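Reading through the C-alpha coordinates given below for one structure.
Numbering (my numbering), first residue to last: 301 to 439.
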(Lines of atoms letter the chains of each structure in order from A and count residues from 1; the text may use other names and numbers.)
(Lines give C-alpha, C1' and ligand atoms only; values in the text may rest on other atoms or scores of the structure.)
Protein backbone atom coordinates (compact mmCIF):
# COMPACT_ATOMS: atom_id res chain seq x y z
CA UNK A 1 0.00 0.00 0.00
CA UNK A 2 1.15 3.49 -0.81
CA UNK A 3 -0.99 5.30 1.76
CA UNK A 4 2.00 6.57 3.76
CA UNK A 5 3.73 7.86 0.62
CA UNK A 6 0.58 9.63 -0.54
CA UNK A 7 0.01 11.18 2.89
CA UNK A 8 3.59 12.45 2.98
CA UNK A 9 3.62 13.77 -0.59
CA UNK A 10 0.38 15.69 -0.04
CA UNK A 11 1.21 16.94 3.45
CA UNK A 12 -1.83 15.22 4.94
CA UNK A 13 -2.17 13.61 8.35
CA UNK A 14 -3.54 10.14 8.91
CA UNK A 15 -5.96 11.61 11.44
CA UNK A 16 -7.48 14.02 8.91
CA UNK A 17 -7.71 11.43 6.13
CA UNK A 18 -9.26 8.87 8.49
CA UNK A 19 -11.87 11.41 9.58
CA UNK A 20 -12.67 12.38 5.98
CA UNK A 21 -12.88 8.72 4.94
CA UNK A 22 -15.05 7.78 7.92
CA UNK A 23 -12.62 5.17 9.25
CA UNK A 24 -10.65 5.08 12.47
CA UNK A 25 -7.06 6.22 12.52
CA UNK A 26 -6.10 2.74 13.78
CA UNK A 27 -7.84 1.12 10.82
CA UNK A 28 -6.09 3.46 8.38
CA UNK A 29 -2.75 2.66 10.02
CA UNK A 30 -3.39 -1.09 9.80
CA UNK A 31 -4.30 -0.82 6.12
CA UNK A 32 -1.26 1.36 5.40
CA UNK A 33 0.95 -1.23 7.11
CA UNK A 34 -0.55 -4.15 5.19
CA UNK A 35 -2.41 -5.56 8.17
CA UNK A 36 -6.03 -6.57 8.10
CA UNK A 37 -8.29 -7.09 5.12
CA UNK A 38 -10.02 -3.83 4.16
CA UNK A 39 -13.29 -3.89 2.29
CA UNK A 40 -13.55 -2.36 -1.15
CA UNK A 41 -15.85 0.28 0.32
CA UNK A 42 -13.20 1.27 2.90
CA UNK A 43 -10.51 1.45 0.21
CA UNK A 44 -12.76 3.58 -1.99
CA UNK A 45 -13.45 5.98 0.89
CA UNK A 46 -9.74 6.24 1.69
CA UNK A 47 -8.88 6.77 -1.97
CA UNK A 48 -11.54 9.49 -2.22
CA UNK A 49 -10.17 11.18 0.92
CA UNK A 50 -6.68 11.11 -0.60
CA UNK A 51 -8.04 12.22 -4.00
CA UNK A 52 -6.54 9.21 -5.80
CA UNK A 53 -7.94 6.11 -7.49
CA UNK A 54 -8.06 2.81 -5.62
CA UNK A 55 -5.42 1.50 -8.04
CA UNK A 56 -3.08 4.31 -6.98
CA UNK A 57 -3.20 3.00 -3.41
CA UNK A 58 -1.33 -0.02 -4.77
CA UNK A 59 0.85 1.49 -7.50
CA UNK A 60 2.04 5.01 -8.24
CA UNK A 61 0.85 5.00 -11.83
CA UNK A 62 -1.20 2.90 -14.15
CA UNK A 63 1.19 1.40 -16.64
CA UNK A 64 -0.50 0.42 -19.88
CA UNK A 65 1.96 -2.47 -20.26
CA UNK A 66 1.14 -4.01 -16.90
CA UNK A 67 -2.32 -5.00 -15.83
CA UNK A 68 -3.31 -4.15 -12.26
CA UNK A 69 -6.74 -5.09 -10.97
CA UNK A 70 -8.47 -4.89 -7.64
CA UNK A 71 -11.14 -7.45 -6.87
CA UNK A 72 -13.11 -7.86 -3.68
CA UNK A 73 -14.94 -11.16 -3.68
CA UNK A 74 -16.50 -13.21 -0.92
CA UNK A 75 -14.94 -11.07 1.80
CA UNK A 76 -11.42 -11.19 0.40
CA UNK A 77 -9.44 -8.58 -1.49
CA UNK A 78 -7.24 -9.56 -4.42
CA UNK A 79 -4.79 -7.56 -6.53
CA UNK A 80 -4.00 -9.85 -9.46
CA UNK A 81 -1.50 -8.68 -12.04
CA UNK A 82 -1.98 -11.32 -14.72
CA UNK A 83 -4.95 -12.65 -16.65
CA UNK A 84 -4.23 -16.13 -15.26
CA UNK A 85 -4.53 -14.82 -11.69
CA UNK A 86 -7.80 -13.07 -12.51
CA UNK A 87 -9.20 -16.20 -14.18
CA UNK A 88 -8.23 -18.31 -11.16
CA UNK A 89 -10.06 -15.93 -8.83
CA UNK A 90 -13.13 -15.66 -11.06
CA UNK A 91 -13.36 -19.33 -12.03
CA UNK A 92 -16.22 -20.14 -9.67
CA UNK A 93 -18.27 -16.98 -10.15
CA UNK A 94 -21.84 -17.56 -11.23
CA UNK A 95 -23.17 -15.92 -14.38
CA UNK A 96 -25.23 -13.27 -12.57
CA UNK A 97 -22.15 -12.16 -10.63
CA UNK A 98 -20.40 -11.20 -13.88
CA UNK A 99 -23.33 -9.02 -14.88
CA UNK A 100 -23.52 -7.46 -11.42
CA UNK A 101 -19.83 -6.55 -11.32
CA UNK A 102 -19.89 -4.55 -14.55
CA UNK A 103 -23.16 -2.84 -13.62
CA UNK A 104 -22.67 -1.97 -9.94
CA UNK A 105 -23.09 1.57 -8.67
CA UNK A 106 -19.39 1.72 -7.75
CA UNK A 107 -18.29 0.53 -11.19
CA UNK A 108 -20.56 3.04 -12.91
CA UNK A 109 -19.35 5.75 -10.50
CA UNK A 110 -15.76 4.95 -11.48
CA UNK A 111 -16.74 5.19 -15.16
CA UNK A 112 -18.16 8.67 -14.53
CA UNK A 113 -15.26 9.74 -12.30
CA UNK A 114 -12.68 8.74 -14.92
CA UNK A 115 -14.75 9.58 -18.00
CA UNK A 116 -11.91 11.69 -19.43
CA UNK A 117 -9.21 9.08 -18.81
CA UNK A 118 -9.00 6.80 -21.85
CA UNK A 119 -6.60 4.37 -20.15
CA UNK A 120 -8.94 3.79 -17.20
CA UNK A 121 -11.95 3.44 -19.51
CA UNK A 122 -10.09 0.88 -21.63
CA UNK A 123 -9.04 -1.05 -18.51
CA UNK A 124 -12.62 -1.14 -17.25
CA UNK A 125 -13.92 -2.24 -20.66
CA UNK A 126 -11.21 -4.89 -20.84
CA UNK A 127 -12.12 -6.19 -17.39
CA UNK A 128 -15.78 -6.53 -18.35
CA UNK A 129 -14.83 -8.27 -21.60
CA UNK A 130 -12.50 -10.59 -19.70
CA UNK A 131 -15.22 -11.43 -17.19
CA UNK A 132 -17.59 -12.38 -19.99
CA UNK A 133 -14.83 -14.39 -21.70
CA UNK A 134 -14.15 -16.29 -18.47
CA UNK A 135 -17.87 -16.99 -18.14
CA UNK A 136 -18.01 -18.31 -21.71
CA UNK A 137 -15.03 -20.63 -21.09
CA UNK A 138 -16.88 -22.26 -18.20
CA UNK A 139 -19.88 -23.16 -20.38
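A virtual CB, placed ideally from N, CA and C, is assigned to each residue, including glycine.
Computed from a predicted structure; not experimentally measured.
Counted as a single uninterrupted DSSP element, the alpha helix (DSSP H) harbouring residue 318 occupies residues 314-321. Between residue 321 and residue 303, the C-beta spacing is not below 7 angstroms. Residue 358 is positioned such that its CB atom lies closer than 7 angstroms to that of residue 379.
Between residue 319 and residue 328, the gap from beta carbon to beta carbon reaches 7 angstroms or more.
Residue environment analysis places residue 419 among the exposed positions, since fewer than 16 neighbouring C-beta atoms fall within 10 angstroms of its C-beta. In the same chain as residue 337, and ignoring 5 residues on each side of it, the C-beta atoms closer than 8 angstroms to its own belong to 375, 376, 377, in chain order.
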